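Participant: Numbering (the UniProt record's numbering), first residue to last: 1 to 285. For reference, the structure I am asking about is given below.
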């Protein structure tokens, strides 16, 4: 790892000018370790007795890494690079898909069996995306939350579906998709095609896929959890209450009160009957 600094030049006018410095990190090509703090973990258990288990790690260095786990060692087998800010959370979805969220305000979908291929960038949040939740038995349903107080519920079958160019829209450099020939094409000029009608909402052609918005938070969201069937979602943050949602519609169900500080962690049991919450008030409820 090398740190490189750059200083701004003084003004020729003679007036004092505040010096500006830029610091960035260059990784050594042979170094497989993260070069900043690790924010999140996700694990994939092999369905084959002699197959590898994989650990996925997301870091403040803006990368994710895939580690092949053996009995006595973990070997980095791929690095996923596309985010431009901290990776805050990652979950596994269906179809060999790893989903990550970042302080760059995006979600990214990756083929986790590849050598680091990003298959789609999803832009909907207005601020840092801090947390994700997935339905284990319905792995196409992913929820995301962030500092903008937004909670979005994504149908990844629709969000990542095959796409075709729309002839009446202008291309821009927003989110990219991959067409059948492997060529990158912008998602804002594409129209999603999907057999799923579970929770997806579609905007006009020029906007591509749009997730369900669960509206209610007025402040930052720090934690999400979903039951296995994808029929119940809970969220928490700086408002000190746990909000309960129906992720199929984005409608509010109830609020759970009791904490006196930020809610930082949430768990739901597989049925969604019991919820555990952890808070900065030192309490678990």
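By construction, the Cβ of each residue, glycine as well, lies at the ideal position given by its N, Cα and C atoms. The structure presented is a predicted model; accordingly, all values stated were derived computationally and were not measured.
Give the DSSP-derived three-state secondary structure of residue 81 in the structure shown.
Facilitator: Correct three-state label for residue 81: strand.
Participant: Going by C-alpha to C-alpha distance, which of 69, 77 and 63 sits closest to residue 89?
Facilitator: Of the candidates 69, 77 and 63, the one whose C-alpha sits nearest the C-alpha of residue 89 is 63.
Participant: Does DSSP classify residue 109 as helix, strand or coil?
Facilitator: Strand at residue 109.
Participant: Tell me which residues share the same chain as residue 255 and place their Cβ nearer than 8 Å to its Cβ, disregarding the 5 neighbours each side in the sequence.
Facilitator: Only 241, 242, 243 and 244 meet the Cβ criterion.
Participant: Taking DSSP's pairing of strands, which residues face residue 232 in a bridge?
Facilitator: Answer is none; residue 232 lacks a bridge partner.
Participant: The alpha helix (DSSP H) that contains residue 159, what's its start and end?
Facilitator: Taken as a continuous stretch (DSSP letters only), the alpha helix (DSSP H) holding residue 159 covers 156-159.
Participant: Rounded to whole angstroms, what is the Cα-Cα separation between residue 160 and residue 120?
Facilitator: Cα-Cα distance, rounded: 7 Å.
Participant: Need the endpoints of the beta strand (DSSP E) that residue 35 sits in, please.
Facilitator: Here residue 35 belongs to no beta strand (DSSP E), and DSSP marks it neither H nor E.
Participant: Apart from the five residues on each side of it in sequence, which residues of its chain come closer than 7 Å, Cβ to Cβ, to residue 280?
Facilitator: Cβ neighbours of residue 280 beyond the five flanking positions: 261, 262 and 264.
Participant: Is the region 144-158 touching the region 218-225, taking contact as three or more C-beta pairs under 8 Å?
Facilitator: Result yes; three or more Cβ-Cβ pairs closer than 8 Å.
Participant: In whole angstroms, what separates the C-alpha of residue 270 from that of residue 236?
Facilitator: In a straight line, the C-alpha of residue 270 is about 19 Å away from that of residue 236.
Participant: Which same chain residues, not among the five before or five after residue 278, have their C-beta less than 6 Å away from its C-beta?
Facilitator: 264, 265 and 284.
Participant: Entirely within the region 114-156 and at least 3 residues each: give me those beta strand (DSSP E) ranges in chain order.
Facilitator: 118-123, 129-134, 141-146 and 151-155, all fully within the region 114-156.
Participant: Per the contact definition of three or more C-beta pairs closer than 8 Å, is the region 111-119 in contact with the region 68-81?
Facilitator: A contact exists between the region 68-81 and the region 111-119.
Participant: Once DSSP output is grouped into helix, strand and coil, what is the label at residue 279?
Facilitator: Three-state result, residue 279: strand.
Participant: Quick one: using the 10 Å Cβ neighbour count with 16 as the cut-off for buried, is residue 133 buried or exposed?
Facilitator: Looking at its Cβ environment, which holds 16 or more other Cβ atoms inside 10 Å, residue 133 is buried.
Participant: To the nearest angstrom, how far is the alpha carbon of residue 21 from that of residue 249?
Facilitator: The alpha-carbon atoms of residue 21 and residue 249 are separated by roughly 48 Å.
Participant: When the distance is taken between beta carbons, is residue 230 closer than 8 Å to residue 247?
Facilitator: Yes, Cβ-Cβ distance for residue 247 and residue 230 is below 8 Å.
Participant: Going along the chain, which residues of its own chain have a beta-carbon closer than 6 Å to the beta-carbon of residue 196, five neighbours each way excluded?
Facilitator: Low confidence applies here, because residue 196 scores a pLDDT of 38, under 50, leaving its location unreliable and the question unanswered by this model.
Participant: If I follow the unbroken beta strand (DSSP E) through residue 88, where does it start and stop?
Facilitator: Segment 87-93, the beta strand (DSSP E) holding residue 88.
Participant: Would residue 123 and residue 105 qualify as a contact pair, given that the criterion is a beta-carbon distance under 8 Å?
Facilitator: Against a cut-off of 8 Å, the Cβ pair of residue 105 and residue 123 comes out as a contact.
Participant: Between which residues of its own chain and residue 52 is the CB-CB distance below 7 Å, once the five residues before and five after are set aside?
Facilitator: The residues are 46, 68 and 69.
Participant: Helix or strand or just coil, what does DSSP make of residue 102?
Facilitator: Strand at residue 102.
Participant: Could you check which residue in 19, 17 and 61 has the C-alpha nearest to that of residue 33?
Facilitator: Ranking 19, 17 and 61 by Cα distance to residue 33 puts 61 first.
Participant: In this structure, does DSSP put residue 59 in helix, strand or coil?
Facilitator: In this structure, residue 59 counts as strand in the three-state DSSP scheme.
Participant: Please classify residue 274: is it buried, with 16 or more other beta-carbons within 10 angstroms of its beta-carbon, or exposed?
Facilitator: Under this definition residue 274 is an exposed residue.
Participant: Quick one: give me the first and last residue of the beta strand (DSSP E) that residue 251 is part of.
Facilitator: From DSSP, the beta strand (DSSP E) with residue 251 extends over 251-256.
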